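In mature numbering (1 follows the signal peptide of the UniProt record, and there is no 0), the protein residues as written are -18 to -1, 1 to 176.
Glycine included, every Cβ here is placed at the ideal spot set by N, Cα and C.
Bear in mind that the values here come from a model prediction, so they are computed numbers and not experimental data.
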């Protein structure tokens, strides 16, 4: 009996705030993927994955760039993070319903696209922070954070070097435009919701 009570309370506590999440909010966590530790080392941030919160059909979803880009129920998304810990941030000015609709429409243009393991700035494939940045920019003209170049990250750790060599060989595109989850997480245009 106590086991069910604990499970029930865990479920309730994880989603007690989901009713207050708004479409357009941005959710961050530390992924359990193999790539996650490399992203953390290169960006000096614990947040290696993120997505866009969308409320629809009476549920809270996360539109995220994984393989492929898709909608994931909030609970499932949270469960995939380390210790089920996450942070939700919101644009500093409330978005109107029209702005929320535009944002979702822009982000949904990437549905079913493959995940971009090369972190290229084209739209052939897309990564997590890229889809959120591009949706805000495309739909609302908002640049959540300045773009960087791949060479601006800390590429000195052996695990970072190994992944770069595996993906790029000897031709690492150091001048490639990129946006990291950490840049959006630290944006002064966002406020923390939870």
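>> Within a Cβ cutoff of 7 Å, which residues of the same chain sit near residue 156, ignoring the five residues on either side of it in sequence?
In response: Listed in chain order, the non-local C-beta contacts of residue 156 below 7 Å within the same chain comprise 131, 132, 133, local neighbours out to five positions each way being set aside.
> In the structure shown, what three-state DSSP assignment does residue 149 receive?
Replying inline: Look at residue 149 here: in three-state DSSP terms it is helix.
>> Going by C-alpha to C-alpha distance, which of 67, 52, 129 sits closest to residue 92?
In response: Residue 52 is the option with its Cα nearest to residue 92.
> What does a CB cutoff of less than 6 Å around residue 18 pick up in its chain, not counting 5 residues either side in sequence?
Replying inline: Only 30 meet the Cβ criterion.
>> Based on DSSP bridge pairs, tell me the residues matched to residue 92.
In response: Looking at the DSSP assignment, residue 92 forms no beta bridge with any residue, so it has no partner.
> For residue 99, which residues from the same chain have a beta carbon less than 7 Å from its beta carbon, with the 5 sequence-adjacent residues on both sides left out?
Replying inline: If we look at residue 99 and ignore the five residues flanking it on each side, its Cβ neighbours are 149.
> To the nearest angstrom, how far is it from the Cα of residue 41 to the Cα of residue 2?
Replying inline: Annotation: residue 41 to residue 2 spans about 12 Å, alpha carbon to alpha carbon.
> Which value, in whole angstroms, describes the spacing of the CA atoms of residue 172 and residue 127?
Replying inline: The alpha-carbon atoms of residue 172 and residue 127 are separated by roughly 10 Å.
> Using the C-alpha atoms, what's the distance from residue 110 back to residue 163?
Replying inline: Residue 163 and residue 110 have their alpha carbons spaced roughly 8 Å apart.
>> Tell me which residues share the same chain as residue 168 and place their Cβ nearer than 6 Å to its Cβ, disregarding the 5 neighbours each side in the sequence.
In response: If we look at residue 168 and ignore the five residues flanking it on each side, it has no Cβ neighbours.
>> I'd like the list of long-range same chain contacts for residue 222, defined as Cβ closer than 6 Å, with 5 residues on each side in sequence excluded.
In response: Because the chain is modelled from -18 through 176, residue 222 falls outside the range shown and cannot be assessed.
> With distances taken from CA atoms, which of 82, 89, 129, 79 is nearest residue 101?
Replying inline: The candidate whose alpha carbon is nearest that of residue 101 is 129.
> Name the DSSP beta bridge partners of residue 45, please?
Replying inline: Residue 45 pairs with 34, 53.
>> I need the straight-line Cα distance from residue 105 to residue 113, nearest angstrom please.
In response: Those two C-alpha atoms are separated by around 9 Å.
> Okay, do the segment 79 to 94 and the segment 7 to 24 touch, 3+ Cβ pairs below 8 Å being the bar?
Replying inline: Proximity of the segment 79 to 94 to the segment 7 to 24 falls short of the contact definition, fewer than three beta-carbon pairs being nearer than 8 Å.
> Any idea what DSSP makes of residue 3, helix, strand or coil?
Replying inline: If DSSP states are grouped into helix, strand and coil, residue 3 belongs with coil.
>> One question on the structure: do residue 176 and residue 60 come within less than 8 Å of each other, judged by their Cβ atoms?
In response: Between residue 176 and residue 60, the C-beta gap is not smaller than 8 Å, which leaves the two residues out of contact.
> Based on Cα-Cα distance, which residue from 43, 85, 35 lies nearest to residue 71?
Replying inline: When 43, 85, 35 are compared, the shortest CA-CA separation from residue 71 is found for 35.
> What three-state label does DSSP hand residue 138 in the structure shown?
Replying inline: It is coil, neither helix nor strand.
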